[in-house]
Amino acid sequence: MKKIELHFHTAQSSPCGKVDAAEGVRLYRQKGFQGVAVTDHFSKSVWGGPEGTSWSSVREQFLEGWRQACRAAETQEGEEPFSVFLGMEIRFPFDENDFLVYGMDEEFFTRYPWLFMEDQKTVYEIAEKEGLFMAQAHPFRKSCFPGDTRCLHGIEVYNGNPRHDSRNPLAKALAKKTGLRQTVGSDFHQMGDFSGMYTSLEQIPADGRELARMLREGQFGAGTL
2 MKKIELHFHT AQSSPCGKVD AAEGVRLYRQ KGFQGVAVTD HFSKSVWGGP EGTSWSSVRE
62 QFLEGWRQAC RAAETQEGEE PFSVFLGMEI RFPFDENDFL VYGMDEEFFT RYPWLFMEDQ
122 KTVYEIAEKE GLFMAQAHPF RKSCFPGDTR CLHGIEVYNG NPRHDSRNPL AKALAKKTGL
182 RQTVGSDFHQ MGDFSGMYTS LEQIPADGRE LARMLREGQF GAGTL
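At position 91 of the sequence shown the residue is numbered 92 (our numbering), and the sequence of numbers has no breaks.
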């Protein structure tokens with residue numbers, strides 16, 4: 002089975018990220034992973050709103066962490082290939098809930114500007130149209146609450162960030178109750194955040210779209226080192 006990380010932030014594109022994309026990729030390669038999904042923060046609180054801000058500038062800055070992770074995966078030496086997928090941790094202006102979304106490509110952020118100014122239902126409808134996978138991250142962390150489960154494909158049932166109590170058992174119980182897919186992630190921001198938890202796949206997806214399909218269809222498991 003192949004191991005990937007589904008919740009990974011970079012210093013380039015997440016203000017709270019403390020590790021350069023290349024260093025993060027190197028760490029995960031050394032730990033025996035075959036890939037990561039870069040899920041940098043995507044919100045008005047991070048990037049500002051349309052007033053006085055260029056969307057093209059926001060888009061390019063947001064994508065920089067993923068791009069550097071891709072370059073590192075291509076240039077670093079390793080016993081096997083390492084895949085980097087484009088994701089996002091999106092937060093809407095109305096509360097502090099976060100949602101992990103997978104399956105986009107660069108062009109997606111040109112077609113859908115200022116997406117973080119929308120709401121959960123709108124982004125879920127786009128996810129359905131585009132074949133994306135959308136899961137709520139740490140729904141029971143302080144200041145968070147479960148979103149509309151009718152507008153989700155999954156719930157992050159294990160969040161490994163050591164600086165927060167994500168109350169993972171409550172998230173797992175909600176996923177079981179609703180039948181939503183159960184995802185896991187380290188919520189990596191700093192070197193000490195590597196939890197050893199991984200998403201297991203029979204094969205590494207060819208691209209982000211295939212990753213989203215595999216997640217939507219439940220073609221994955223979870224484990225820990």
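Glycine residues also receive a C-beta, built at the ideal position from the N, C-alpha and C atoms.
Proximal residues to residue i (C-beta, below 8 Å), its chain only, five neighbours per side dropped
i	result
Gly66	His10, Thr11, Ala12, Gln13, Ser14, Ser15, Gly18, Ala22, Val39 and Asp41
Glu131	Gly104, Met105 and Phe109
Phe34	Lys4, Ile5, Glu6, Phe83 and Tyr199
Phe146	Asp96, Asn98 and Pro140
His190	His10, Ser15, Cys17, Gly18, Lys19, Val20 and Asn162
Arg60	Phe110, Thr111 and Pro114
Residue j beta carbon less than 9 Å from that of residue i
i	j	result
Ala176	Ile205	no
Tyr29	Phe93	no
Gly186	Thr200	yes
Ala138	Asp99	yes
Leu171	Ala136	no
Phe95	Phe43	no
Trp115	Gly53	no
Leu226	Lys32	yes
7 Å Cβ shell around residue i - same chain, five flanking residues per side excluded
i	result
Met215	Leu202, Pro206 and Phe221
Arg217	Phe134 and His154
Asp188	His8, Asn160, Gly161, Asn162 and Asp194
Cys152	Gln121, Lys122 and Tyr125
Lys173	Val158 and Gln183
Glu119	Phe93
Asn169	Val158, Tyr159 and Asn160
Thr150	Thr179 and Leu181
Counted within 10 angstroms of its Cβ, other Cβ atoms place residue i as buried (16 or more) or exposed
i	result
Ser58	exposed
Lys143	exposed
Gly224	exposed
Gly197	exposed
Leu212	buried
Leu64	buried
Met192	exposed
Trp48	buried
Cβ distance (whole Å) where residue i is taken to contact residue j below 8 Å
i	j	result
Ile127	Tyr113	6 Å
Val26	Val37	7 Å
Same chain, Cβ closer than 6 Å to residue i, neighbours up to 5 away in sequence not counted
i	result
Leu87	Trp67, Met105 and Gly209
Gly148	Asn98, Gln121 and Gln137
Neighbour flag for residue i against chain B, beta carbons, 9 Å
i	result
Lys122	Among the protein chains of the structure shown there is no chain B, as only one such chain exists.
Answer yes if the region 71-83 comes into contact with the region 101-113, meaning at least three C-beta pairs across the two stretches below 8 Å, and no otherwise. no
Across the region 170-185 and the region 73-88, are there enough close Cβ pairs to call them in contact, namely three or more that are closer than 8 Å? no
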